[in-house]
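Each residue of the sequence shown is one higher than the one before, starting from 1 at the first, in the working numbering. Reviewing the structure listed below.
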Amino acid sequence: MGFEINGKTYETDEEGYLVNLAEWDEEAAKYLAIEEKVEMTESHWEVINFLREYYNDYQIAPAVRVLTKAIGKKLGPEKGNSKYLYELFPYGPAKQACKIAGLPKPTGCI
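Take a look at the structure:
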């Protein structure tokens, strides 16, 4: 499974997550966002970039509770809450945002 953009092929698993994290780039993120029906704004990119940093630091994609707490610490309490994150990523901030960020599905997500 996968998709192609400008001659570059991106391999995905059966749920649409990138298989090779190193393949991720902004073009892949835009494609995955369209697939997820998410219109990317600056706020979305802020969460995506945060997730990629978090993954680089801890080698794990955070579950929603951990994500909410960590975003609150770094970006402030107005962004570190479930309501804000679900407005950005209605099908699950951890699951949907991780997919767009090119990260594996978070542990505990079904």
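Every residue, glycine too, gets a C-beta built ideally from N, C-alpha and C.
Query                                                                                      : Result
Neighbour-count burial assignment, T41, 16 or more Cβ in a 10 Å radius                     : exposed
According to DSSP, residues forming a beta bridge with E4                                  : T9
For L32 and A97, believed in contact at Cβ under 8 Å, the rounded distance                 : About 10 Å separates the two Cβ atoms, so there is no contact after all.
One or two residues paired with L85 in a DSSP bridge                                       : According to DSSP, which records beta bridges pairwise, L85 is partnered with nothing at all.
Three or more C-beta pairs below 8 Å linking the stretch 53–72 and the stretch 86–103      : yes
C-beta contact flag for Y91 and E36 at 8 Å                                                 : yes
Cutoff 6 Å; reference F89; Cβ partners in own chain excluding five residues on either side : Q96, A97
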